[in-house]
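*Asks:* Under this note's numbering, the residues of the sequence shown are numbered -6 to 109, in order.
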Amino acid sequence: MQIRQYTRYGHRILHIEERVGLTSDIGCLREALKQAWREGHIHVAVSFTEGSFLSSRTLALLIESAEKATARGGSFTVIAPNTQIREVLAIFDLEWTLRTVTSENELLVSPVNPVT
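1) Check for me: the beta strand (DSSP E) holding V110 runs from which residue to which?
2) Helix, strand or coil: which one does DSSP assign to I(-4)?
3) Counting beta carbon pairs with one atom in the stretch 37 to 49 and one in the stretch 60 to 69, are three or more of them shorter than 8 Å?
4) Please report the distance separating the alpha-carbon of V108 from that of T63.
5) Could you please give me the residues that DSSP links to A38 through a beta bridge?
6) Between E43 and P74, which are expected to be in contact by the criterion C-beta below 8 Å, what is the C-beta distance as a whole number of angstroms?
7) The beta strand (DSSP E) with V94 in it runs from where to where?
8) Can you tell me the Cα-Cα spacing of S48 and G14, whole angstroms?
9) When the Cα atoms are used, what is the spatial distance from N106 to R92?
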């Protein structure tokens, strides 16, 4: 899994450069998130490609990351350009746990939803 990392709008963005699916190795994403926390970033966003979808392992990692960000006084955002990811979050009633936007530009205007 290739992940491009950059900072925009005060967020460390981890852009996954390929489709994420059931067989994707999320170890690279886990390491990239750990690196972002070690470097002191408190606002982190993970950006998925249009064709991606969430496995249970990926979903668990996203929830864990949101909790870590909140504990550090920061935020965690999922940038999901496709409806499948947003629908999965809605099915599991996670829209308020995982802040989700459809594009990076929304990082500036979308309110942060706290983890409860």
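Ideal Cβ placement from N, Cα and C applies to all residues, glycine included.
All figures in this text were calculated on a predicted structure; none of them were measured in a lab.
*Replies:* Here's the rundown:
1) Residue coverage of the chain in this structure runs from -6 to 109, which leaves residue 110 outside it and unanswerable.
2) Counting from 1 along the sequence shown, the entry for residue -4 is found at position 3. DSSP, read as helix, strand or coil, puts I(-4) in strand.
3) When Cβ pairs closer than 8 Å are counted between the two stretches, the stretch 60 to 69 is seen to touch the stretch 37 to 49, the count reaching three or more.
4) Locating residue 108 in the sequence shown gives position 115, where the first residue counts as 1. Locating residue 63 in the sequence shown gives position 70, where the first residue counts as 1. Here the model assigns V108 a pLDDT of 44, short of 50, so the residue's position is not dependable, and the following value carries that caveat. One C-alpha to the other measures close to 7 Å.
5) By one-based count along the sequence shown, residue 38 stands at place 45. BP columns for A38 point to I6, T70.
6) Residue numbering aside, residue 43 sits at position 50 when the sequence shown is read from its first letter. Residue numbering aside, residue 74 sits at position 81 when the sequence shown is read from its first letter. Their Cβ separation, rounded to whole angstroms, is 5 Å, which keeps E43 and P74 in contact under 8 Å.
7) Reading the sequence shown from its first residue, position 101 is the one you call residue 94. Its beta strand (DSSP E) spans residues 92 to 94.
8) In the sequence shown, counting from the first residue as 1, residue 48 sits at position 55. In the sequence shown, counting from the first residue as 1, residue 14 sits at position 21. Looking at the two C-alpha atoms, the distance is approximately 6 Å.
9) Counted from its first residue, the sequence shown places residue 106 at position 113. Counted from its first residue, the sequence shown places residue 92 at position 99. Interpretation of N106 is limited by its pLDDT of 46, a score under 50 that renders its predicted location unreliable; the figure taken from the coordinates is listed afterwards. Their backbone Cα atoms lie some 6 Å apart in a straight line.
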